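In case it helps, mature numbering (1 follows the signal peptide of the UniProt record, and there is no 0) puts the sequence shown at residues -29 to -1, 1 to 273.
Glycine included, each C-beta is placed from N, C-alpha and C at the ideal position.
Here the structure is a predicted model, which means the values were calculated and not measured.
This report concerns only the one structure given below.
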Amino acid sequence: MRTLSSLPARRRLLAPVALVAAGTLLLSACGSDDGGSGEGGGGANAEAPLFDQLPAEVQESGVLRVGTNAAYAPMEYVEGDDIVGVDPDLGAALGEQLGVEFEFTNAPFDSLLTSLSSGRLDVVMSAMSDTAERQETVDFVDYFNSGTSILVAAGNPEGIQTLDDLCGKTIALQKATTMEEIAEAQKERCATEGLGELTVNTYENDTDALLQVRQGRAVADLNDFPVAAYNAQNSEGAYEVVGEMTDAGPFGIAVPKEDTQLRDAIAAALDAIIADGSYAEVLEKWNVSAGAVEAAEINGGS
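See the structure below:
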């Protein structure tokens, strides 16, 4: 993996994002109104290629308030006082095109869309699956392809290879995710087919779910493929990924449905970083190039 310092000078903004406490969500909607000169406020760069496509209020603030749940390496996680990972690096690259800073705030995953709808956030960028259900309240700019993987203890003591192999056993996963929906559907299948009861235990974050597998309280954790692979590779031999990836679908940047101008500006920025190669650089840096998209798509999930 290349270090950040090995990237070209134009990528220097891909520095770790300073950690913003979850409590900031309660205050971020109450910022002061300093007016604006029309040239971009705060740290805005009005000369950026796509600055003019942003809504006026974003131009004036110079910041996009981005919600994330930073316990999902390599997509986003806390390292010291910083939020690092694929999403913060892509956010920095998008920000270069748009001329504003992507300010990441760490918060529980199941609170992110609520904070977006209440105006405490401008967007959500948190390895969030674009689904038809979520599209009822938000729009997505799809930026990465993922799917479901099964993560088990090293050596695979239960011989797990498929979702059906989980029947009659206990699994652990992060709540309010598409993994929970997949697990509940599998639980119903296990019962209908007489394969044994599947017990699904959910946790506030994926770190807690993984701990259950490590401690033998669960036989597996369902996870998105880049996260499962990263956890296995960096677990000092504690975990391994088994079986084939299933339920492939895109991750999307969530934007309020009414904010089509912001949505389209982010989509244009994504197309720009795909074209100039900086998108591929970020994915290569984090060893997740297999999830690359060829172009931005709006609400491509199902």
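Quiz item: Less than 8 angstroms separating the beta-carbons of Y210 and A203?
Solution: For the purposes of this step, residue 210 is taken as the residue at position 239 of the sequence shown. For the purposes of this step, residue 203 is taken as the residue at position 232 of the sequence shown. Yes, these two residues count as a Cβ contact at 8 angstroms.
Quiz prompt | Buried versus exposed call for N40 [16 or more other C-beta atoms within 10 Å across all chains shown] | solution = Counted from its first residue, the sequence shown places residue 40 at position 69. N40 comes out buried.
Quiz prompt | Own chain residues within Cβ distance below 6 angstroms of S120, not counting five before or after | solution = For the purposes of this step, residue 120 is identified with residue 149 of the sequence shown, where counting begins at 1. Closer than 6 angstroms at the Cβ level, and outside the excluded window around S120, lie N194, F196, A199, V212, M216.
Exercise. Helix, strand or coil for A209, going by three-state DSSP, please let me know.
Key: Against the sequence shown, residue 209 aligns to sequence position 238. In this structure, A209 counts as coil in the three-state DSSP scheme.
Quiz item: Counting only runs that start and end within the segment 226 to 271, where is the alpha helix (DSSP H) found for 4 or more residues in a row?
Solution: 231 to 247, 249 to 256
Quiz prompt | Range covered by the beta strand (DSSP E) that runs through L193 | solution = In the sequence shown, the residue the question calls residue 193 occupies position 222. In the DSSP annotation of this structure, the continuous segment of the beta strand (DSSP E) that includes L193 starts and ends at 191 to 195.
Exercise. If I'm right that K140 touches V71 with Cβ under 8 angstroms, what's the distance once you round it to whole angstroms?
Key: By one-based count along the sequence shown, residue 140 stands at place 169. By one-based count along the sequence shown, residue 71 stands at place 100. The C-beta distance from K140 to V71 rounds to 47 angstroms, too long to meet the 8 angstroms contact threshold.
Quiz item: Considering only C-alpha positions, which residue in the set T173, N270, Q157, G33 is nearest to L166?
Solution: Translated into positions along the sequence shown, residue 166 becomes position 195. Closest option to L166, Cα to Cα, is Q157.
Quiz item: What did DSSP end up calling G62 once you bin it into helix, strand or coil?
Solution: The count along the sequence shown starts at 1 and reaches residue 62 at position 91. Looking at G62 - three-state DSSP - the assignment turns out to be helix.
Quiz item: Are I237 and A64 touching if we call contact CB-CB under 8 angstroms?
Solution: Along the sequence shown, one-based indexing puts residue 237 at 266. Along the sequence shown, one-based indexing puts residue 64 at 93. No.
Quiz item: Taking the alpha-carbon positions, what's the D4 to E31 distance?
Solution: In the sequence shown, counting from the first residue as 1, residue 4 sits at position 33. In the sequence shown, counting from the first residue as 1, residue 31 sits at position 60. Reliability fails at D4, whose pLDDT of 40 lies under 50, so the model's placement of it is uncertain and the value that follows must be treated cautiously. Computed Cα separation, rounded: 9 angstroms.
Exercise. Would you kindly report the start and end of the unbroken alpha helix (DSSP H) that includes A162?
Key: By 1-based counting over the sequence shown, the position of residue 162 is 191. Here the alpha helix (DSSP H) through A162 covers 149 to 163.
Quiz item: For E104, is the classification buried or exposed, using 16 other Cβ atoms within 10 angstroms of its Cβ as the cut-off for buried?
Solution: Walking along the sequence shown from the start, residue 104 turns up at place 133. Exposed: under 16 other Cβ atoms inside 10 Å.
Quiz item: For the beta strand (DSSP E) that contains E74, what are its first and last residues?
Solution: Numbered from 1 along the sequence shown, position 103 holds the residue referred to as residue 74. For E74, the enclosing beta strand (DSSP E) stretches over residues 72 to 77.
Practice problem: Decide if D52 is buried, meaning its Cβ has at least 16 other Cβ atoms within 10 Å, or exposed. | Solution: Numbered from 1 along the sequence shown, position 81 holds the residue referred to as residue 52. With fewer than 16 Cβ atoms within 10 Å of its Cβ, D52 is classed as exposed.
Quiz prompt | Touch test, the segment 111 to 118 against the segment 220 to 232, Cβ-Cβ under 8 angstroms, three pairs minimum | solution = yes
Quiz prompt | C-alpha gap between P45 and S206, whole angstroms | solution = Position 74 of the sequence shown holds residue 45. Position 235 of the sequence shown holds residue 206. Distance between the alpha carbons of P45 and S206: 13 angstroms.
Practice problem: Could you tell me the distance, in whole angstroms, from the CA atom of K256 to the CA atom of D58? | Solution: As a first step, residue 256 is located in the sequence shown; it is residue number 285 there, counting from the start. As a first step, residue 58 is located in the sequence shown; it is residue number 87 there, counting from the start. Near 12 angstroms, if we compare the C-alpha coordinates of D58 and K256.
Quiz item: Considering only residues of the same chain and omitting the five flanking positions on each side of Q232, which have a CB-CB separation below 8 angstroms?
Solution: Your numbering for residue 232 matches position 261 in the sequence shown. For Q232, where only same-chain residues beyond five positions count, the Cβ hits under 8 angstroms are Q24, L25, P26.
Quiz prompt | C-alpha distance - residue 288 paired with L87, whole-angstrom precision | solution = With the chain represented from -29 up to 273, any question about residue 288 goes unanswered, as that position is not in the structure.
Self-check item: For D218, three-class secondary structure by DSSP
Solution: Here residue 218 is taken as the residue at index 247 of the sequence shown, counted from 1. Strand at D218.
Quiz item: Would you say Y43 and D177 are within 8 angstroms of each other, going by their C-beta atoms?
Solution: In the sequence shown, the residue the question calls residue 43 occupies position 72. In the sequence shown, the residue the question calls residue 177 occupies position 206. Yes.
Quiz item: Which of helix, strand or coil does DSSP assign to Q145?
Solution: Locating residue 145 in the sequence shown gives position 174, counting from the first residue. Three-state DSSP puts Q145 in a strand.
Exercise. Can you tell me which of V37, V49, N116 puts its alpha carbon nearest to the alpha carbon of L254?
Key: Residue mapping note: residue 254 aligns to position 283 of the sequence shown, counting from 1. Ranking V37, V49, N116 by Cα distance to L254 puts N116 first.
Quiz item: When DSSP builds the beta bridges, which residues end up paired with T178?
Solution: Working through the sequence shown from its first residue, we reach residue 178 at position 207. DSSP output for T178 lists no bridge partner at all.
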